[in-house]
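Quick note, the sequence shown lines up with residues 78 to 568 if you use the numbering used here. Inspection log for the structure reproduced underneath, given as structure tokens.
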Amino acid sequence: MSTSMIPGERPDRPEEACAVFGVYAPGEDVARLTCFGLQALQHRGQESAGIAVGDGETIVVHKDLGLVTQVFNEAALAALTGHVAVGHTRYSTSGGSASWEAAQPHISAIDDVLIALAHNGTLVNIASIRAKLIDDGVQLRSSTDSEVAAKVIGVATQRTHHLREGIKDMMTTLQGAYAMVLASPDSLYAFRDPNGIRPLCIGTLPSGGWVVSSETCGLDIVGATYLRDVRPGEIVRFSESGLDSVQAVAPARRASCIFEYVYFARPDSVLDGQSVYQARRNMGRILAQEAPVAADLVLGVPDSGIPAALGYAAQSGITYADGIVKNRYVGRTFIEPTQTMRQMGIKIKLNPLPSVIEGKRLIVIDDSIVRGNTSKKLVAMLRQAGAKEVHLRIVSPEVKWPCFYGIDTDTQDQLIAANMDNEQMCAYIGADSLAFITIQGLHDAVHADHPGFCDACFSGSYAVDIPLAQQRRSFIQKDSDASESDDGSSE
Ligand code: SF4
78 MSTSMIPGER PDRPEEACAV FGVYAPGEDV ARLTCFGLQA LQHRGQESAG IAVGDGETIV
138 VHKDLGLVTQ VFNEAALAAL TGHVAVGHTR YSTSGGSASW EAAQPHISAI DDVLIALAHN
198 GTLVNIASIR AKLIDDGVQL RSSTDSEVAA KVIGVATQRT HHLREGIKDM MTTLQGAYAM
258 VLASPDSLYA FRDPNGIRPL CIGTLPSGGW VVSSETCGLD IVGATYLRDV RPGEIVRFSE
318 SGLDSVQAVA PARRASCIFE YVYFARPDSV LDGQSVYQAR RNMGRILAQE APVAADLVLG
378 VPDSGIPAAL GYAAQSGITY ADGIVKNRYV GRTFIEPTQT MRQMGIKIKL NPLPSVIEGK
438 RLIVIDDSIV RGNTSKKLVA MLRQAGAKEV HLRIVSPEVK WPCFYGIDTD TQDQLIAANM
498 DNEQMCAYIG ADSLAFITIQ GLHDAVHADH PGFCDACFSG SYAVDIPLAQ QRRSFIQKDS
558 DASESDDGSS E
């Protein structure tokens, strides 16, 4: 995927907002399995990582800021003994919110109810519920929606003396996007919002244990076999009696995030039965039909643009070439960029191959355009390297609307496609031509028979109602302090 950001600058891409992973496997090193699972899911969040382990009596958590390999060493894993674990990697939607307190899993200890919760998504009706918890004397250590969810479950479980009732209470009280894993001292739970917005799948270990993961690539790394997805509105419990399931809330209009296929998910993952790699090839193939242009070479912007470029090349008959090299070791960093680094710009992450592109008319395939800054730098870089023409082809439709379901797509005034027509965008970016796949083309590429996708960031059709106050903040310029304010909808 082309996370072509300059260290310290706001990313010019929609950003993923977390991965979750869970294991129930007596006799196995569940902390180590979870650590491997989180490494496979590292692309979904690089700001913090954490694992909580239950041993039948209590739960111990280790979490910190940084990548999974920075947060966990042998000593940290050795201290996490038990038979049930949940893990999390986090990307926050506000630059100022990277804190230990906001890192997950969140522990909730209310009387004798002890749980650890990990959440991918964003809850949209948090403000009043958060205020009520505080009024009732419940202590919150962060401003995140996920911690509110953990406390709502804790309070309801303490009241009903039944953890599944506590989770059900949260699922009927809180709205928005959530794919969650929860550990009690002796069991693992997995549940998903009624629209099924963010992905969550179940696998089985050769030992007979169970694994839950945001993507199937997390199952693959620990040798688990895919069983099925967690269904929208379902609570699945893994314990000494095996897997049992209840439909806690009725499924609503299906709205699985279609952007997962474009950009967020790893190409080796399978979502709802569709290979992400194959979907990306299909996007390129359909884009070649929708927006053909005469050229000498087709290039993909690494990484997510590569399969789509192969699809475009195959459909158009134009030669595919590796013309852009990605530095895989520049990612999110807490190091402030210097002026020199800013001037280096996109070259910190991507570098062209002049020997391939010099004098050539290029079709360049990228996954998305959010603000347009990175695309502008990319086109300039390719021209400097000798490209004769640069035709930009984008395998997502124009991003015109903010996402409220766990993805940071920036505020609407920052979205280039919400403020310019195609001709203006093309001139701003400096390309010879610019075209986006259509919304229908994207649906056809991804999954013709799927029960329903969310495509709200392209269409403006939201599956879950958004409170007005939250809408307002997402249509005006982002203020990093305000963006994680009273709604706490930061992950
Ligand atoms: S608005 Fe866009 S990014 Fe957000 S869930 Fe829907 S499709 Fe995904």
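Ideal Cβ placement from N, Cα and C applies to all residues, glycine included.
Residue i: beta carbon under 8 Å from a heavy atom of ligand 1?
| i | result |
| --- | --- |
| residue 481 | yes |
| residue 478 | yes |
| residue 530 | yes |
| residue 336 | yes |
| residue 488 | no |
| residue 233 | no |
| residue 503 | no |
| residue 513 | no |
| residue 268 | no |
| residue 95 | no |
| residue 543 | no |
| residue 256 | no |
| residue 534 | yes |
| residue 516 | no |
| residue 522 | no |
| residue 332 | yes |
| residue 484 | yes |
| residue 274 | yes |
How about residue i and residue j: do their beta carbons lie closer than 9 Å?
| i | j | result |
| --- | --- | --- |
| residue 164 | residue 226 | no |
| residue 525 | residue 470 | no |
| residue 375 | residue 354 | no |
| residue 118 | residue 128 | no |
| residue 276 | residue 248 | no |
| residue 350 | residue 386 | no |
| residue 344 | residue 381 | yes |
| residue 229 | residue 246 | yes |
| residue 540 | residue 330 | yes |
| residue 312 | residue 241 | yes |
| residue 379 | residue 402 | yes |
| residue 447 | residue 501 | no |
| residue 347 | residue 281 | no |
| residue 256 | residue 244 | no |
| residue 508 | residue 456 | yes |
| residue 190 | residue 157 | no |
| residue 395 | residue 440 | yes |
| residue 477 | residue 534 | yes |
| residue 154 | residue 108 | yes |
| residue 262 | residue 133 | yes |
Please determine, among the options, the residue with the shortest C-alpha to C-alpha distance to residue i.
| i | options | result |
| --- | --- | --- |
| residue 141 | 287, 543, 167, 258 | 167 |
| residue 223 | 442, 137, 522, 192 | 192 |
| residue 325 | 206, 196, 266 | 266 |
| residue 578 | 335, 219, 337, 162 | Not covered by the structure: residue 578. The range shown for the chain is 78 to 568. |
| residue 205 | 252, 472, 240, 370 | 252 |
| residue 176 | 376, 299, 218 | 218 |
| residue 357 | 473, 111, 184 | 473 |
| residue 373 | 495, 348, 447, 468 | 468 |
| residue 98 | 131, 239, 195 | 195 |
| residue 486 | 527, 388, 532, 242 | 532 |
| residue 517 | 529, 432, 379 | 529 |
| residue 445 | 130, 159, 113, 493 | 493 |
| residue 160 | 178, 465, 260 | 260 |
| residue 435 | 327, 400, 405 | 400 |
| residue 327 | 508, 310, 340 | 310 |
| residue 342 | 295, 370, 107, 231 | 295 |
| residue 572 | 232, 538, 384 | The shown model of the chain, from 78 to 568, leaves out residue 572, and the question about it has no answer. |
| residue 220 | 178, 209, 238, 214 | 178 |
| residue 183 | 152, 151, 216 | 216 |
| residue 278 | 302, 111, 391 | 302 |
| residue 135 | 151, 150, 264, 239 | 264 |
| residue 388 | 369, 239, 404 | 369 |
Taking 8 Å as the cut-off, is the beta-carbon of residue i closer than that to any non-hydrogen atom of ligand 2?
| i | result |
| --- | --- |
| residue 495 | Absence of ligand 2 from the depicted structure is noted, with ligand 1 being the only ligands included. |
Between residue i and chain D, is the shortest Cβ-Cβ distance under 9 Å, so that the two count as touching?
| i | result |
| --- | --- |
| residue 538 | Although the question refers to chain D, the structure presented lacks it and comprises just one protein chain. |
**Asked** Should the stretch 117-134 be called in touch with the stretch 142-151, which here means at least 3 C-beta pairs below 8 Å?
**Response** They touch, by the three-pair rule.
**Message:** Under 8 Å: do the stretch 320-329 and the stretch 472-491 share three or more Cβ pairs, one atom per stretch?
**Reply:** At 8 Å Cβ cutoff, the stretches do not touch.
**Prompt:** Would the stretch 421-430 and the stretch 443-456 be scored as touching if the rule is three or more Cβ pairs under 8 Å?
**Reply:** Touching, per the Cβ criterion.
**Request:** Report yes or no: do three or more beta-carbon pairs, one from the stretch 286-302 and one from the stretch 102-109, lie closer than 8 Å?
**Result:** Yes: at least three Cβ pairs fall under 8 Å.
**Prompt:** Quick check: the stretch 200-215 against the stretch 252-263, are there 3 or more CB pairs under 8 Å?
**Reply:** Contact between the stretch 200-215 and the stretch 252-263 is present, because at least three Cβ pairs lie under 8 Å.
**Request:** Taking 8 Å as the threshold, find out whether the stretch 361-371 comes into contact with the stretch 329-342 through three or more Cβ pairs.
**Result:** The stretch 361-371 is not in contact with the stretch 329-342.
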